[in-house]
Amino acid sequence: MRKATWLVDGVPLDDPDGRWRLEAATSVPAPASRAVASTTLPSRDGVLAVRQGMGTGTVALSVAVVGTGRGGDLADVDATASWLAALLAGARTVTWQPGEGRSRSVDVVEAAVAEPEIRGRRHVVISAALTVHPWWVEDTAAVTSPAATVTTAGVRLNTGLWAGVSGRQQDAIVRISGRVVNPQVADIASGTSASYTGTIPAGTHLYIESWPWLRAWTSTSTAAWDIAQGTEVQVDHGEAGPLTITPVLGAGPGQAAPQVTVSAAGVSSATAVMRGRRWHQ
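173 is the number of the first residue of the sequence shown in this note's numbering; add one for each residue after it.
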């Protein structure tokens with residue numbers, strides 16, 4: 173069984189050559205908290221809570237720098253400790269590998285590195301607290317759902333490839349292939365949606381990118397997953413807000429996945445797929 177470990181900017185904090193190693197004080201990722209602004213109103217019980225999105229998370233790391241040979245003194249590990257402290261202080265990306273074949277990364281907002289602690293003649297411990305963005309992405313390629321036939325009543329996309337996620341999709345794109353009239357994409361968990369007014373003819377594909385980008389474009393290619401490869405068009409969002417693809421967590425661990433429906437006012441052999449990576453909180 174592979175040991176759980178961390179990497180900072182691609183550098184493993186359990187050195188294969190034994191020069192440094194993670195300490196037991198290192199913790200698993202602390203999830204980001206929901207950011208809420210509370211307002212007190214006259215003659216109203218409690219407070220009015222206004223959602224402000226998600227805050228930041230925290231990663232606490234403790235790394236021991238040790239000598240690898242016999243003899244010597246603290247000077248032997250000083251250069252390594254200084255380099256490692258600089259790496260942690262300037263961290264841009266941190267990666268958590270909890271087990272074999274599992275790896276997820278997140279961008280670092282800021283880093284605080286404590287004064288190195290000397291615990292012996294050749295033993296220095298460096299502790300760091302990294303503030304990170306709320307959403308972690310698995311270090312795998314984007315996946316695409318099986319094609320679903322769009323109907324006027326609406327069809328739910330098969331999102332089984334995202335089973336086990338816990339975070340909002342940060343890069344999800346829904347592709348609708350015409351002919352289709354006034355298509356709409358809706359997220360069940362959040363109640364949000366995006367709709368296009370007009371007709372997408374046969375042989376043309378409408379791409380709708382979810383929050384946080386909220387863009388749409390058309391192309392005759394089935395592989396135009398970047399807006400630069402198509403012609404930008406306008407989409408509208410519903411009363412609940414812009415399309416935000418969110419997993420239904422009530423399904424339980426290992427089963428939670430987004431639930432997305434696609435419908436249209438008129439269709440003729442239209443299909444839809446969703447593409448994106450797997451995100452966690």
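Here a beta-carbon is modelled for each residue, glycine too, at the ideal position from N, C-alpha and C.
Beta-carbon contacts of residue i that lie in its chain and below 8 Å, excluding the five residues immediately before and after
i    : result
A251 : none
P384 : Q342
M173 : Any reading at M173 needs caution, since the residue's pLDDT is 48, under 50, leaving its predicted position unreliable; the model's value is listed next. Within the same chain, M173 has close Cβ partners G271, E272.
A388 : A366, Y368, L378, Y379, I380, E381, E404, V405, Q406, V407
R193 : L185, D186, D187, V235, A236, V238
G190 : V238, T240
Other residues of its chain near residue i: CB distance less than 6 Å, five sequence neighbours each side excluded
i    : result
E289 : V297
E197 : Correcting the residue identity first, residue 197 is Ala in this sequence and not Glu. The answer, listed in chain order, is S234.
A232 : S199, A301
D396 : Looking at the sequence shown, residue 396 is not Asp but Ala. Counting only Cβ-Cβ distances below 6 Å, and skipping sequence neighbours, we find G402.
G239 : D248, V249, R294
W307 : G339, Q342, W451
I348 : P355, L378, A444
M439 : Checking the sequence, you will find Val at residue 439 rather than Met. Within the same chain, V439 has close Cβ partners V322, V352.
Any non-hydrogen atom of the ligand ADP closer than 6 Å to residue i Cβ
i    : result
G225 : For the ligand ADP, the structure offers nothing, since it holds no ligand at all.
Reference residue i, options the options, closest by Cα
i    : options                : result
G182 : D311, L246, P306       : D311
V180 : R276, A361, T211       : R276
A176 : E195, Q427, T230       : E195
S205 : V439, Q401, Q427, T230 : T230
Y379 : I345, N354, L386       : I345
E272 : S317, W178, R347       : W178
T323 : D189, A442, L421, Q453 : A442
P425 : Q453, A400, A436       : Q453
A283 : S440, A261, T228, P203 : A261
A374 : G227, V352, R193       : V352
A436 : T321, G332, V420       : T321
T303 : G422, S317, P203, P430 : P203
V432 : G332, D217, G227, A400 : G332
V309 : D217, P201, E287       : P201
Same chain, Cβ closer than 7 Å to residue i, five either side skipped, listed in chain order
i    : result
T376 : G350, T390, T392
G363 : A412
V219 : S210, T211, T212
R291 : V297
L421 : S338, A428
M226 : A204, R206, A207, P306
Integer Cβ distance of residue i from residue j, believed to fall under 8 Å
i    : j    : result
V237 : L256 : 6 Å
R449 : A319 : The pair is not a contact, with the Cβ atoms about 19 Å apart (cut-off 8 Å).
A361 : T418 : 4 Å
H305 : V278 : 6 Å
M446 : S254 : Actually they are not in contact, since the Cβ atoms of M446 and S254 sit about 47 Å apart, beyond 8 Å.
Would you check if there are 3 or more beta carbon pairs closer than 8 Å linking the segment 410 to 429 to the segment 254 to 272?
no
Would you call the segment 317 to 334 and the segment 290 to 297 touching, i.e. three or more CB-CB distances under 8 Å?
no
Could you tell me which whole beta strand (DSSP E) segments of length 3 or greater appear in the segment 332 to 357?
345 to 349
Tell me, please, whether the segment 330 to 345 touches the segment 363 to 378 by the rule of three or more beta-carbon pairs shorter than 8 Å.
no
Starting from the N-terminal side, write out each stretch of the beta strand (DSSP E) that is 3 residues or longer and does not extend beyond the segment 361 to 425.
365 to 367, 377 to 381, 387 to 391
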